[in-house]
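Q: What follows is a structure written as structure tokens; I'll ask about it next.
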Amino acid sequence: MKLLTAKNMGFCFGVRRAVDMALAAAEEHGRVFSLGELIHNRQVVTELKEKGVVPIDTLDSSTEGDTVIIRSHGVAPAVYYECRARRVNIIDCTCPFVMKIHDIVSKASAEGYIIVVTGDPKHPECIGINGCCGDNAVFCGDFTAENAESRFNDDFKERFEKNAKLCLVSQTTFDRSAFEAMAELFKKNFVNCVVYDTVCNTTRDRQREAAELSSKCDVMLVLGDHHSSNTQKLANICAERCKNLKRIANISEIPLDIIQTNGIIVGVVAGASAPDSLIREVITRMSEQEKATVDCCTAENIENVATAATETAEQVVETAAAAVQEPVVEEGETTFEEAFEKTLVRIRNGQILTGSVVQIVDGEVCVNIGYKSDGFIPRDEFSSDPDVDPATVVSVGDKIEVEVLKVNDGEGNVLLSRKNVESKKVWEEFSTDADSEGKIVDAVGKEVVKGGLIADINGIRAFIPASQVSTKYVEKLDEFVGQPMKVKILEVDKQRKRVVASRKAVLAAEAEEAKRQKWAELVVGEKVHGIVRRLTDFGAFVDIGGVDGLVHVTDAAWGRVKHVNEVLKVGQEIEVLILNVDQEKQRISLGYKQLQPKPWTLAAEKYPVGSIVEGKVVRIVTFGAFVALEPTIDGLIHISQVGARHVTKVEDVASADASPFPAVQIS
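According to my numbering, numbering within the sequence shown proceeds without interruption in unit steps and concludes at 723.
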């Protein structure tokens, strides 16, 4: 097999500049937002998000003081105005080539030119260009150099007057040959048409190389995200000249099955959004094939590919570059395979490595660890939680730490464990953190043992004594098996690697916090709902939502009562008024009668003038006798009204012995 690679691959100037600026901003601010995905490559977007560069669709997702990245595609002027209105900080990563187009379009539009753009009107770069001319641009995008004339005749020849002022520009990643064909037609048919060739030079070089390589290759590999516009252009160019074309967005899509044929020539090109890691992996994977030779892969290109790699990866690429520069090996020189072999990661059982997820199949995760063969994480070695589906935790391209269980499992595979790394990290935190005892952590009940319950804390077994499982007595601990819970670390034995925890302590702390919050919410004069919990000689204790307050017997009713049970019953739901709160002494005074009607306010209705009632004499004075009509209402019988004839002393007619008084008339 012979491998031919383009000289211009990977991030273009504008993309690399935007990525570098965004990462620097994220490191400075902790988190920044990119208005739209920073690059049309999902793997890179995911990696950037992990480093603090979070994509947002609109500025509605930002708040005052946030830092917003304007990506290399650029935006319309209106977006800058909105950013200033929202008072968000702007880091403008617009590609200088795109900014040049904005300047051309803005000036031409101001001078009365109609803006015509060759490009996709839905592409973010074109949306920004359109915004620079008041969203009045005319677009022509879906055409090639071959059908440019027919497209022009159908859509544009009769659309404008011959002397119309037209300004033709292009999306930077547009097919240069197609743009040049359309530009010639516009200049030929419209005398006042000015043309600006704004196709990026890098795009031009990539497209030229794609055409050259695809003309002499049996198979063409086009690297880059399937949603990338410039990568799609490269694919279209290659497809016109090479029938066997493969699109590769990640390393799992490398078609190793088609390159086993002797004498086959394989060409590799990559779009501006293809990450260095993908290009590096494809080159090294393809170069590993038996009897493979590599041409056209310059040292400068390989070094560019490696800029974002780790030190080990950089050594792999640089060595590979040195090896492929001279396909003919002189006596005593190192072959590419030998040079590459020296750069491979050396692994051993128990070693902790960082790798990239290559594939997830049936719960088994394939990880590239830089070794000559990928490693595999069986499902039961992925997480301490057997119910976890690896596909919901990691994605292809994610970086994860793994432990080598076996360098060779007998079938040439490297057996890995992610679960062990998780467990070791948690135990390391416990053993090195001086404040680990007393911490509150998440756990899951696993099994009932003698004397208590075993819980799992991120892979670490913790013992919860039966007395520490709940604040109440629990007869059967089985109900806690499989249940998530929060526990407090009581003891960490580093030598025995033993952890003792308490769920009871957490529940007690939560109850205390709820009680504290309830106390803070109490307001004197506020009406609250409560339940009578206990009756005493001096009053009733009422639960008002986690705390108890006292309704004193004097505040139970407007009239005098001997015992509060004459008014209230245990379990009765009532409305009470908060009379006083003493948080220091933990006392709450409540009033029940204060929310009940006052008897004397109803006296006029209950005892109308002229009505005949009975009562008890409760007190005698020189000017008459007081008669109790009910516990809280007394009436006065004046001495002149005590009898039918003149009475000198009230005692001659009535006595204050609580005996019934003859019927009296309300006057």
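The beta carbon of each residue, even a glycine, is placed where N, CA and C say it ideally should be. Computed from a predicted model, the values in this text were never measured in an experiment.
Buried or exposed for residue 225, please, with buried defined as at least 16 other CB atoms from any protein chain shown within 10 angstroms of its CB.
A: Buried, since its Cβ has 16 or more Cβ neighbours within 10 Å.
Q: If you reduce the DSSP assignment to three classes, tell me which class residue 280 lands in.
A: Reduced to three states, the DSSP call for residue 280 is coil.
Q: Measuring CA to CA, which of 269, 62 and 124 is closest to residue 92?
A: It is 124.
Q: Could you give the residue range of the beta strand (DSSP E) that holds residue 104?
A: Note, residue 104: premise wrong, no beta strand (DSSP E); alpha helix (DSSP H) at 98-106.
Q: Residue 275 and residue 338 - do their beta-carbons sit closer together than 7 Å?
A: Cβ atoms of residue 338 and residue 275: not closer than 7 Å.
Q: Tell me, to the nearest whole angstrom, how far the beta carbon of residue 173 is from that of residue 227; I am working on the premise that it is less than 8 Å.
A: Confirmed, Cβ separation roughly 7 Å.
Q: In this structure, how does DSSP classify residue 133 when only helix, strand and coil are distinguished?
A: Three-state DSSP puts residue 133 in a helix.
Q: Return the residue from the list 605, 120 and 593 that minimises the CA-CA distance to residue 580.
A: Taking only the C-alpha atoms, the option nearest residue 580 is 605.
Q: Quick one: residues in its chain with C-beta nearer than 8 Å to the C-beta of residue 235, no 5 flanking neighbours on either side, listed in chain order?
A: Excluding residues within five positions, the ones whose Cβ falls inside 8 Å are 174, 226, 253 and 255.
Q: Could you give the C-beta distance for residue 71 and residue 239, rounded to a whole number, given that I count them as a contact under 8 Å?
A: That belief does not hold up - the Cβ atoms of residue 71 and residue 239 are roughly 26 Å apart, past 8 Å.
Q: Once the 5 residues before and after residue 230 are set aside, which same chain residues still bring their CB inside 6 Å of it?
A: So the list reads 174, 175 and 255, once near-sequence residues are dropped.
Q: Assuming residue 433 and residue 423 make a contact with CB atoms under 8 Å, what is their CB distance in whole Å?
A: With 8 Å as the limit, residue 433 and residue 423 qualify as a contact, their Cβ atoms being about 6 Å apart.
Q: Can you tell me whether DSSP reads residue 66 as helix, strand or coil?
A: The answer is coil: DSSP assigns residue 66 none of H, G, I, E or B.
Q: When the Cα atoms are used, what is the spatial distance from residue 185 to residue 169?
A: Each residue's alpha carbon lies about 14 Å from the other.
Q: Looking only at its own chain, which residues have a Cβ that is under 7 Å from the Cβ of residue 560, when we skip the five neighbours before and after it?
A: So the qualifying residues of the chain are 524, 525, 526 and 527.
Q: Please report the straight-line C-alpha distance between residue 475 and residue 438, rounded to a whole angstrom.
A: Using only the alpha carbons, I get a separation of about 5 Å.
Q: Near residue 320, what residues of its chain come up, given a Cβ to Cβ distance below 7 Å and the 5 sequence neighbours on each side ignored?
A: Contacts found: 57, 274 and 275.
Q: Throw me the rounded Cβ distance for the residue 499 and residue 541 pair, which I believe falls under 8 Å.
A: With a Cβ gap of about 6 Å, residue 499 and residue 541 count as contacting.
Q: Classify residue 286 as buried or exposed, calling it buried when 16 or more other Cβ atoms lie within 10 Å of its own Cβ.
A: Under this definition residue 286 is a buried residue.
Q: On a CA-only basis, which of 99, 60, 697 and 154 is nearest residue 451? Give me that one, please.
A: Here the closest residue by C-alpha is 99.
Q: Please work out which residues of its chain come closer than 7 Å, Cβ to Cβ, to residue 77, disregarding the five sequence neighbours upstream and downstream, and give them in chain order.
A: Closer than 7 Å at Cβ, skipping near neighbours: 147 and 149.
Q: Is DSSP giving residue 223 helix, strand or coil here?
A: DSSP places residue 223 in strand when its eight states are reduced to three.
Q: Given a cut-off of 7 Å on the beta-carbon distance, is the pair residue 615 and residue 688 in contact?
A: In contact: residue 615 and residue 688 (Cβ atoms closer than 7 Å).
Q: Rounded to whole angstroms, what is the Cα-Cα separation between residue 298 and residue 291?
A: The straight-line gap from Cα to Cα measures roughly 10 Å.
Q: Between 197, 221 and 201, which lies nearest to residue 211 when the distance is taken from Cα to Cα?
A: Out of 197, 221 and 201, 197 has the C-alpha closest to the C-alpha of residue 211.
Q: Quick check for students: name the residue ranges of the alpha helix (DSSP H) that lie wholly in the region 684-715, counting only runs of 4 or more.
A: List check, alpha helix (DSSP H) in window: nothing returned.
Q: Quick check: residue 335 and residue 65, are their CB atoms within less than 7 Å of each other?
A: Contact flag set, yes.
Q: Out of curiosity, what's the CA-to-CA distance linking residue 201 and residue 233?
A: For residue 201 and residue 233, the distance between alpha carbons rounds to 6 Å.
Q: Compare the Cα-Cα distances from residue 220 to each of 207, 206, 243 and 208 and report the closest residue.
A: Measuring from the Cα of residue 220, the nearest candidate turns out to be 243.
Q: Would you list the residues sitting across from residue 111 in a DSSP beta bridge?
A: According to DSSP, which records beta bridges pairwise, residue 111 is partnered with 90.
Q: Taking the continuous alpha helix (DSSP H) assigned at residue 560, which residues delimit it?
A: Start and end: 560-577.
Q: Nearest to residue 707 by alpha carbon, out of 695, 250 and 700?
A: Measuring from the Cα of residue 707, the nearest candidate turns out to be 695.
Q: Please report how far the alpha carbon of residue 183 lies from the alpha carbon of residue 144, in whole angstroms.
A: Residue 183 and residue 144: Cα-Cα distance of roughly 22 Å.
Q: Express the C-alpha separation of residue 284 and residue 96 in angstroms, rounding to a whole number.
A: Distance between the alpha carbons of residue 96 and residue 284 is about 5 Å.
Q: For residue 608, which three-state DSSP category applies?
A: Reduced to three states, the DSSP call for residue 608 is strand.
Q: Does DSSP put residue 342 in a helix, a strand or coil?
A: In the structure shown, residue 342 sits in a helix (DSSP, three-state: H, G or I).
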